[in-house]
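J.: Residue numbers (UniProt numbering): 1 to 172.
(1) Going by Cα to Cα distance, which pick from 31, 96 and 87 is closest to residue 60?
(2) Can you check whether the CB of residue 122 is closer than 9 Å to the CB of residue 95?
(3) Measure the CB-CB distance between residue 74 and residue 135 and report whether it falls below 9 Å.
(4) Does residue 84 have its Cβ less than 9 Å from a Cβ in chain D?
(5) Take the Cβ of residue 129 as the centre, count every other Cβ of all protein chains shown within 10 Å, and call the residue buried at 16 or more, exposed below.
(6) Taking the straight line between their C-alpha atoms, what separation do you get for residue 115 and residue 17?
(7) Where residue 88 and residue 80 are concerned, what is the direct C-alpha to C-alpha distance, given to the nearest angstrom?
(8) Below 8 Å on the Cβ atoms is my guess for residue 69 versus residue 20; work out the distance and round it to an integer in Å.
(9) Measure the Cβ-Cβ separation of residue 63 and residue 24 and say whether it is below 9 Å.
(10) In chain order, what residues of the same chain have a beta carbon less than 6 Å from the beta carbon of residue 120, not counting five sequence neighbours either side?
(11) Once DSSP output is grouped into helix, strand and coil, what is the label at residue 88?
(12) Rounding to the nearest angstrom, what Cα-Cα distance links residue 45 and residue 35 in this structure?
(13) Cβ of residue 125 within 9 Å of Cβ of residue 103?
(14) How many angstroms separate the CA atom of residue 29 from the CA atom of residue 111?
(15) Only counting the same chain, and skipping five residues up and downstream in sequence, which positions put a Cβ closer than 7 Å to that of residue 6?
(16) Name the residue from 39, 141 and 67 whose alpha carbon lies nearest to the alpha carbon of residue 54.
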């Protein structure tokens with residue numbers, strides 16, 4: 001069951017890194033805008049500029065963190081595809097777990113195990129939902145089988161078969 005066509009692995013890493021950066025900047029920008037607006041002094045002008053300041057200072061950092069996660073995830077995923085020789089959900093789940101472990105490695109082994117479990121569980125949930133949606137939509141949009149009657153089961157026709165179209169005005 002092929003999901004959709006993706007680029008080859010070297011380009012996939014760059015593509016996923018850029019996509020993750022974009023998601024991080026947009027999501028982090030929205031979050032920081034709300035946070036900056038709420039934490040600014042009273043007055044619309046102060047709140048607006050507090051929001052803008054928070055977005056300008058933190059959104060690129062959040063985007064960079066997302067890009068690092070996406071790049072490492074794609075690199076591990078491509079390595080697993082090359083190592084195992086097939087692309088399946090287990091690669092994504094394992095990549096999520098290994099990415100979580102590698103990114104938490106500076107915090108010690110306990111944090112690595114916790115992050116690996118969270119990454120693996122999160123990716124397992126994402127892959128599971130994707131598989132369920134694919135199966136549901138495949139059943140929903142499946143072409144129905146054509147209705148074919150068996151001629152031997154049809155009732156016999158009454159009277160002789162028409163040989164000409166004399167009764168129809170359009171054929172005269």
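Even glycine gets a Cβ: it sits at the ideal position worked out from N, Cα and C.
T.: Judging by the given coordinates:
(1) Position 60 of the chain shown holds residue 60. For residue 60, the nearest C-alpha among the options comes from 31.
(2) As a working mapping, residue 95 is identified with position 95 in the chain shown. As a working mapping, residue 122 is identified with position 122 in the chain shown. The answer is no: Cβ separation not under 9 Å.
(3) Residue numbering aside, residue 74 sits at position 74 when the chain shown is read from its first letter. Residue numbering aside, residue 135 sits at position 135 when the chain shown is read from its first letter. Their beta carbons are not under 9 Å apart, which means residue 74 does not touch residue 135 by this criterion.
(4) The chain inventory of the structure shown lacks chain D, comprising one protein chain alone.
(5) Here residue 129 refers to the residue found at position 129 of the chain shown. Classification of residue 129: exposed, given that the 10 Å Cβ count is below 16.
(6) For the purposes of this step, residue 115 is taken as the residue at position 115 of the chain shown. For the purposes of this step, residue 17 is taken as the residue at position 17 of the chain shown. So the alpha carbons of these two residues sit roughly 20 Å apart.
(7) Translated into positions along the chain shown, residue 88 becomes position 88. Translated into positions along the chain shown, residue 80 becomes position 80. Going by the C-alpha atoms only, they are around 10 Å apart.
(8) Your numbering for residue 69 matches position 69 in the chain shown. Your numbering for residue 20 matches position 20 in the chain shown. Contact holds; Cβ gap of about 6 Å.
(9) Within the chain shown, numbered from 1, the residue matching residue 63 stands at position 63. Within the chain shown, numbered from 1, the residue matching residue 24 stands at position 24. Yes.
(10) Residue numbering aside, residue 120 sits at position 120 when the chain shown is read from its first letter. Excluding residues within five positions, the ones whose Cβ falls inside 6 Å are 93, 96 and 97.
(11) Counting from one through the chain shown, the residue named residue 88 turns up at place 88. Residue 88: coil per DSSP, three-state reduction.
(12) Taking the first residue of the chain shown as position 1, residue 45 is located at position 45. Taking the first residue of the chain shown as position 1, residue 35 is located at position 35. Straight-line Cα distance between these residues: approximately 15 Å.
(13) To locate residue 125, count along the chain shown from 1; it is residue 125. To locate residue 103, count along the chain shown from 1; it is residue 103. No.
(14) Here residue 29 refers to the residue found at position 29 when the chain shown is read from its first residue. Here residue 111 refers to the residue found at position 111 when the chain shown is read from its first residue. Their Cα atoms are separated by approximately 28 Å.
(15) Residue 6 sits at position 6 when you count from the first residue of the chain shown. Around residue 6: 12.
(16) Position 54 of the chain shown, counted from the start, is the residue given in the question as residue 54. Closest by alpha carbon: 39.
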